[in-house]
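Number of protein chains: 2
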Amino acid sequence: MAKFADKYFLADAWKIIEDGFDPEYGEVAESVFSQANEYMGVRGYFEEGYTGAHMQGSYFNGIYEEKKQGSQGYKGVVDTTEFMVNAVDFLYTRINLDGETLDIGTCNISSFKRTLDMKSGLLTRSFLWETKSGRKLELVFERLLSMKKNKIAVQRITAKALNFDGDVTVVSGLDFDTVHQSAKESLWKCRGQKAEDSRLAILGETVRTGQHVYSSCYIDTESGEKPAVSSIIGEKRVAIELVIRLDRKKAVTVTKKIYNAVHKNGSIESFLSLCDNGRKELEDVSFEGVLQDNICWWKNVWRKADITIEGDEWNQQGIRFCIFQMFQTYHGAAAGTNIGAKGLTGEAYNGNAFWDTETYCLPFFLFNDVQAAKNLLMFRYLTLKEAKERAADLDCRGAFYPVATISGKECCNLWQHASLQLQASTAVAYGIWFYEKLTQDIEFLMEYGMEMLIEICRMLADRGGFTEDRKKFGYYGVMGPDEFQMMVNNNCYTNYMAKFTFSYTLSVCRRLKEEKPKEMEALCLKRNLTEEECREWKEMEENMFLPFDEKTGIYEQHEGYFKLPHVDVDHIPVEDFPLYNHWSYDRIYRNDMIKQPDVLMFMLLLNSAFGEDILRANYEFYEPRCIHESSLSPSVHSILASQLKKHEEAYRFFQFATRMDLDNYNRNSSEGLHTTSIAAAWMNIVYGFGGLRSDGENISLCPSMPKQWRSYSFRIGYREDVLLVEVDGEKVCLSTLEGKAIDIDLYGELVAVGKEPKEITVPAAWRG
Amino acid sequence: MAKFADKYFLADAWKIIEDGFDPEYGEVAESVFSQANEYMGVRGYFEEGYTGAHMQGSYFNGIYEEKKQGSQGYKGVVDTTEFMVNAVDFLYTRINLDGETLDIGTCNISSFKRTLDMKSGLLTRSFLWETKSGRKLELVFERLLSMKKNKIAVQRITAKALNFDGDVTVVSGLDFDTVHQSAKESLWKCRGQKAEDSRLAILGETVRTGQHVYSSCYIDTESGEKPAVSSIIGEKRVAIELVIRLDRKKAVTVTKKIYNAVHKNGSIESFLSLCDNGRKELEDVSFEGVLQDNICWWKNVWRKADITIEGDEWNQQGIRFCIFQMFQTYHGAAAGTNIGAKGLTGEAYNGNAFWDTETYCLPFFLFNDVQAAKNLLMFRYLTLKEAKERAADLDCRGAFYPVATISGKECCNLWQHASLQLQASTAVAYGIWFYEKLTQDIEFLMEYGMEMLIEICRMLADRGGFTEDRKKFGYYGVMGPDEFQMMVNNNCYTNYMAKFTFSYTLSVCRRLKEEKPKEMEALCLKRNLTEEECREWKEMEENMFLPFDEKTGIYEQHEGYFKLPHVDVDHIPVEDFPLYNHWSYDRIYRNDMIKQPDVLMFMLLLNSAFGEDILRANYEFYEPRCIHESSLSPSVHSILASQLKKHEEAYRFFQFATRMDLDNYNRNSSEGLHTTSIAAAWMNIVYGFGGLRSDGENISLCPSMPKQWRSYSFRIGYREDVLLVEVDGEKVCLSTLEGKAIDIDLYGELVAVGKEPKEITVPAAWRG
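Chains as they are written, first to last, in UniProt numbering: chain A, 1 to 768; chain B, 1 to 768.
Next up, the structure:
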């Protein structure tokens with residue numbers, strides 16, 4: 001299926017630049033110009049109001065509403081789902097000049113330019129507005145979310161009259177009357193507003209979930225004359241109206257300093273007194289101060305996590321945009337939240353988090369921000385209760401992690417996905433293993449990890465079944481990551497990852513019994529883990545059925561897959577995509593076409609277990625059967641193609657990765673950024689071209705380089721230092737930032753790396 | 001799973017008798033006392049109003065409403081379903097005495113008795129009402145639907161004052177303000193009412209589907225004094241109030257003669273003029289006249305279709321009740337309607353018809369009422385357009401018949417059933433084959449049958465797939481009749497019946513090309529049927545994959561079934577049933593437990609193709625895996641157990657069949673009668689104990705008899721005569737009613753049967 005790039009934004013190494021405004025790209029640009037600081041996120045919408053197509057979006061991590069959807073009354077079928085709500089529009093502004101209200105959709109606008117600076121997170125928008133009466137006003141809008149104090153945001157509007165003296169009216173406020181695009185209504189009730197001089201405050205509450213968002217602000221004006229101020233209190237809005245005197249060619253600024261806080265549950269009184277503290281905090285805030293803090297914060301990020309590409313300005317910009325958005329979305333600020341498929345950039349996928357978290361986002365953070373990685377796992381620990389309730393709903397012991405969630409509860413009301421997909425649970429086990437392997441954080445295992453592993457194993461033991469002769473254990477009626485094979489038996493991915501989960505859990509048990517016998521004894525007692533239960537797990541692990549053809553070395557995606565009718569995916573007409581919209585629902589599920597590769601997926605996750613021959617056989621078998629209708633699929637193929645030294649194929653699968661949203665490849669960036677695919681783009685370079693693997697004894701690298709590039713470099717955080725890897729077509733140069741010694745397996749040989757750069761020639765086979 | 005009989009009704013060979021009223025059985029009795037005449041049906045509700053639990057139900061065949069249900073927007077997933085609506089309460093009555101309104105739920109009632117007479121269809125209810133003031137009124141309610149003129153119904157109320165003289169007020173009318181139990185609202189708007197003296201008329205229209213029901217009546221009173229009459233016109237009701245003078249011990253009757261007519265589509269003007277004719281028709285109607293017509297009609301039914309059982313009064317009553325309800329529901333009055341799972345007796349299953357029609361009801365009618373059988377097939381012909389639209393929705397050529405329907409459109413909004421079950425379509429082909437085999441009606445084939453067969457084959461050819469090597473053809477992602485194996489490949493039933501459909505269609509093509517070359521050429525041209533297409537069907541038919549274990553002789557229900565984890569169905573706790581209500585939805589679908597037997601089903605449908613050894617092996621393998629959660633399952637087992645001379649087992653599976661509703665075995669007869677199971681009860685005796693088969697050259701019989709019985713007899717219509725089969729433990733006696741000669745294969749030997757009874761000794765092996 002051909003993909004086309006919309007080259008709408010200008011190329012720049014550190015900035016995203018929109019030069020002139022095209023309403024057709026209005027919502028795509030809103031997504032791309034999203035800002036976030038983990039606590040909150042705001043789309044790049046026009047805060048002064050806009051009558052064109054737009055998705056008003058300011059989100060708070062973990063703030064959601066519920067909706068009931070018919071479940072047909074079957075047990076274990078979800079009927080209440082959660083979705084992220086757009087909350088207070090804290091940038092709310094209206095501007096009136098000469099009886100005309102500013103609206104980029106209808107006014108006479110020129111010299112439009114918008115820039116997102118990835119060194120600071122500053123979003124700047126400037127344009128010239130000429131009224132029907134001929135008055136020309138130059139406007140600059142700037143906004144920032146503080147990366148240091150995550151409840152703080154600042155907005156600055158600069159106005160300059162070019163050809164007149166006169167009044168402009170600016171309304172600035174806080175607005176809960178924002179319509180949720182899918183729900184088609186405002187989901188908030190207002191619990192109180194306050195307007196005192198230049199200070200505004202408002203408290204909103206979601207109707208069903210009863211969560212609170214408090215928003216307050218100071219609005220300062222720097223102009224010659226003190227403006228006339230009056231306050232406006234609406235049903236769900238509080239604002240002030242400023243009548244500002246403009247003198248020709250003299251800039252006037254209106255600065256709004258915002259403090260937002262969320263209250264998910266607990267006492268509302270203590271929350272309100274907390275908000276009161278926020279008032280003091282806000283007094284010391286300045287636009288310039290936040291800007292400087294952010295520059296400093298981002299400098300530290302880029303120092304440890306930057307990727308450079310020479311000879312390819314588009315991918316250079318693209319990969320920085322990916323890293324920038326990943327850090328905006330999540331960076332370890334607080335435990336208790338997860339990463340929605342679209343981050344905090346739009347309503348699509350209901351703001352739900354999927355197993356992408358452990359398989360795509362976790363690796364990114366493990367090598368870039370260990371605290372964030374730990375917090376992602378802590379989310380699973382903090383929602384273990386919900387996962388256990390979900391298991392009970394599904395008639396299973398232990399814990400069944402949701403395939404889609406905000407609060408920890410299962411939010412997917414398509415039972416075939418929610419009840420048949422075990423990979424969310426095994427991904428948590430995989431994440432714990434991955435984290436522990438890289439950090440060697442035994443305390444985490446003892447305090448949190450073991451409990452999750454035990455409950456996941458319990459579910460896996462109960463959900464699976466032995467054949468009647470007890471010779472083989474496996475999973476029946478499951479859906480693997482490849483959602484185009486809906487309800488199958490012995491899905492190879494499911495079985496492989498279940499085997500891995502049992503095996504890892506049992507090995508950790510053995511190790512901890514040796515290393516921490518007393519604590520472990522207490523833990524087993526507390527969690528009621530007996531030798532007998534471990535023996536059962538062992539029996540399941542040893543007899544796990546992995547469908548495999550000895551002759552060809554190919555794993556069968558599930559029992560019977562090889563006998564399915566064949567579909568030539570290259571001959572499906574392009575207008576049939578996406579298939580969910582154009583094919584009869586059941587037709588998708590009854591042939592050998594796959595949406596994303598299950599077998600290749602576990603071969604990537606646990607790469608060191610597979611030799612190159614087996615990997616090649618499976619890659620070459622499954623690749624032509626895959627239609628990549630998951631945005632995550634091309635990355636897996638690209639990474640494995642690199643490993644198989646299929647360099648051109650690797651680049652082909654890579655080419656949409658870093659710019660999926662900037663170039664709107666999937667035609668749906670308007671709905672929000674593909675945040676978790678963004679994580680895969682990073683893996684694409686570091687795992688793919690860099691060849692990073694970490695499931696062996698040492699971390700290993702096998703860098704290659706696309707021939708389209710001159711050179712590239714990447715950094716990975718590892719054991720309290722950062723490894724810098726610089727690659728060109730001929731050589732690899734390794735060094736550590738802090739000078740700590742790290743042993744690296746490079747092209748299969750051990751290299752001790754330190755502060756001093758170490759140069760190694762790229763073997764011929766690895767030259768892209 | 002144990003079943004318990006509620007022995008609530010009295011035993012009687014020709015009547016259903018309720019002696020005393022127990023409100024706990026109120027709705028069950030309403031179902032059991034249902035009357036119908038194919039055109040309309042009315043539950044046995046108390047027409048005078050009742051505050052206890054009840055389901056107000058008067059239904060017209062094919063009159064339905066629609067409801068929207070979320071489809072998630074996937075193609076081919078139904079979002080609008082149809083359900084039978086309760087229409088006008090044409091028996092509407094209210095009785096007031098001494099300021100007290102009659103209500104069996106609250107008044108002082110004694111000597112309650114209700115009787116349904118299966119020789120006439122007359123429902124009689126009598127009781128004594130004593131008011132708080134001490135007045136005693138004896139009341140008899142009678143009602144009848146005319147079997148001869150299906151728009152006519154009559155009601156007669158007889159009142160006798162036992163200890164007073166005085167007035168009683170009777171309100172009698174037509175009422176569209178009837179609440180649909182599931183929808184919880186009235187689904188009608190009233191388009192007009194009229195009240196002229198003792199004549200009332202009302203026209204109702206369904207809100208969404210715009211169908212019309214017209215109801216009119218004359219109300220006559222026979223009493224000493226002419227009652228005072230006044231008319232009452234409500235929003236959706238028209239009635240008259242009669243103040244009737246009662247003289248002590250003198251009976252007074254109020255007779256209501258009703259004419260109802262439905263209008264599904266077309267011009268409303270011509271419908272209204274038709275209704276005007278009804279007015280004249282009604283003038284000649286009398287209660288006694290309808291009663292005599294009905295007695296005559298039923299006499300003819302029993303002459304041709306009666307089953308007698310000596311030594312088992314419960315099953316004698318039970319099987320007559322089954323036959324009675326079958327004929328009430330359907331008897332060939334008009335083409336264009338089908339048989340809902342609950343007939344015209346309740347709201348359950350939305351009044352939808354399933355493939356039970358062809359597999360269970362059609363055999364009953366083929367041997368009892370050929371016109372009815374033909375009309376059932378005509379329903380499929382008249383809805384071929386909808387079946388073709390459905391196929392297109394499912395990305396298939398040809399015709400895909402709905403698994404549940406009223407109008408012909410698919411009404412099942414569970415996609416897994418509606419999209420994956422092909423048996424509704426193959427059942428139509430089976431029905432055509434069966435009809436043609438028994439009637440040799442070639443004209444039907446040429447005019448209607450071939451077109452359906454061609455379109456079904458087209459669908460089967462398109463929906464199936466070859467393995468990549470083209471060696472095997474089969475169906476992927478299907479659900480067989482056993483709904484506990486949801487989405488499987490090569491379901492043996494599906495494949496077998498598809499093979500049968502191709503094979504039969506091709507053989508008919510060959511035959512007709514020889515017998516009617518010109519007409520057939522024209523038909524092929526019109527239907528665009530080419531040699532090439534027939535060759536393709538032939539290839540599919542020949543290569544149809546039927547999973548079969550040569551060693552054991554057992555058909556595998558679907559590919560991989562033998563490898564599923566085993567569930568010991570006898571050890572599932574009784575409180576877990578029905579499983580849909582107590583098990584996690586997905587848990588039902590991942591083991592070798594079956595709901596009803598797919599393999600045994602096709603072995604019954606095409607019985608002559610299977611030797612006894614193969615049948616035995618399959619029966620003994622599948623029977624212990626079946627939980628009979630379909631009410632149709634025990635009959636299949638009973639019939640095959642008889643064939644395998646497992647006589648006690650046959651009786652064990654039979655024992656709930658004839659009295660499923662009379663004894664409320666499934667605890668849900670309150671929702672309506674299990675009409676299609678009732679058909680299976682007939683098969684149970686005639687196919688099971690009688691051993692009737694008709695798929696060989698002659699029809700064949702192998703009678704056995706349960707040792708619990710003294711003797712039994714049954715009748716089957718065949719080639720314009722009726723064969724009477726009388727069986728006791730020792731001998732079988734055969735004769736034909738009209739004296740036509742019929743060749744019968746009895747216990748494997750050919751017997752020529754005529755008017756003169758022919759006695760044959762039962763072989764030892766066949767003695768129950």
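The C-beta atom is built at its ideal place from N, Cα and C for all residues, glycine as well.
Note that this is a predicted model, so its numbers are computed, not measured.
- If only uninterrupted alpha helix (DSSP H) runs of at least 4 residues are considered, those enclosed by the region 359–425 of chain A are 362–366, 370–382, 384–393, 415–418.
- With a cutoff of 8 Å on beta-carbon distance, Lys160 of chain A and Lys249 of chain A are scored as near each other.
- Counting the other Cβ atoms within 10 Å of the Cβ of Ser111 of chain B gives fewer than 16, which makes it exposed.
- The beta carbon of Arg125 of chain B sits no closer than 8 Å to any beta carbon of chain A.
- Per the coordinates, the alpha-carbon of Arg390 of chain B lies some 12 Å from the alpha-carbon of Thr405 of chain B.
- The beta carbons of Thr51 of chain B and Lys68 of chain B sit no closer together than 8 Å.
- Within its own chain, the residues whose Cβ lies closer than 7 Å to the Cβ of Leu10 of chain A, once the five positions on either side in sequence are excluded, are Ile17, Asp19, listed in chain order.
- Chain-ordered listing is empty here: chain A has no CB closer than 7 Å to the CB of Arg458 of chain B, the nearest sitting near 16 Å.
- Neighbours of Val77 of chain B in chain A, taken as residues at a C-beta separation under 7 Å, are given in chain order as Tyr585.
- Looking at the backbone, the Cα of Phe164 of chain A and that of Val140 of chain A are separated by about 18 Å.
- For Gly480 of chain B, the nearest beta carbon of chain A is not closer than 8 Å to its own beta carbon.
- The continuous stretches of beta strand (DSSP E) do not include Gly690 of chain B, and DSSP gives it neither H nor E.
- With a cutoff of 8 Å on beta-carbon distance, Leu701 of chain B and Val722 of chain B are scored as not near each other.
- When DSSP reads this structure, Arg245 of chain B sits in a beta bridge with B:Asp167.
- Take His566 of chain A, set aside five residues on each side of it, and the residues of its chain with a beta-carbon closer than 6 Å to its own are Asp592, in chain order.
- In this structure, Gly696 of chain A and Ile639 of chain A do not form a Cβ contact; the two beta carbons are roughly 16 Å apart against a cut-off of 8 Å.
- Of A:Thr337, A:Gly729, A:Ser635, the smallest CA-CA separation from Trp709 of chain A is found for A:Gly729.
- Contacts between Gln325 of chain B and chain A, judged by CB atoms closer than 8 Å, are missing: the closest CB pair is about 29 Å apart.
- C-alpha of Val170 of chain A to C-alpha of Trp433 of chain A: approximately 55 Å in a straight line.
- Taking 8 Å as the upper bound for CB-CB distance, Pro363 of chain B and Gln423 of chain B are not in contact here, some 16 Å apart.
- A direct Cα-to-Cα measurement between Met660 of chain B and Met601 of chain B gives close to 21 Å.
- In the structure shown, Gln155 of chain B falls within a strand segment according to DSSP collapsed to helix, strand and coil.
- Taking 8 Å as the cut-off, the beta carbon of Ile685 of chain B is found closer than this to the beta carbon of Ile319 of chain B.
- Residue contact check for Glu66 of chain B against chain A: no CB pair falls below 8 Å.
- DSSP, read as helix, strand or coil, puts Gly204 of chain B in strand.
- If you ignore the 5 residues before and after Ala36 of chain B, its C-beta comes within less than 6 Å of the C-beta of Gln328, Thr329, Leu344, all in its own chain and listed in chain order.
- Secondary structure note for Asp613 of chain A: its alpha helix (DSSP H) is the uninterrupted segment 612–622.
- At a beta-carbon threshold of 8 Å, none of the residues of chain B lie near Glu671 of chain A; the nearest stands roughly 15 Å away.
- Non-local C-beta neighbours of Thr505 of chain A in its own chain, meaning closer than 6 Å and more than five positions away in sequence, comprise Leu453, Cys457, ordered along the chain.
- Looking at the DSSP output, Gly465 of chain A shares a beta bridge with A:Gly474.
- Following the DSSP letters along the chain, one finds Thr221 of chain B in no alpha helix (DSSP H) but inside the beta strand (DSSP E) bounded by residues 212–222.
- Nearest in C-alpha terms to Asp117 of chain A, of all of A:Ala334, A:Val252, A:Lys299, is A:Lys299.
- When A:Gln416, A:Val370, A:Arg245, A:Ser216 are compared, the shortest CA-CA separation from Val285 of chain A is found for A:Ser216.
- From the beta-carbon of Glu629 of chain A, no residue of chain B is found nearer than 7 Å; the closest lies around 14 Å away.
- For Leu128 of chain B, the enclosing beta strand (DSSP E) has its first and last residue at 123–130.
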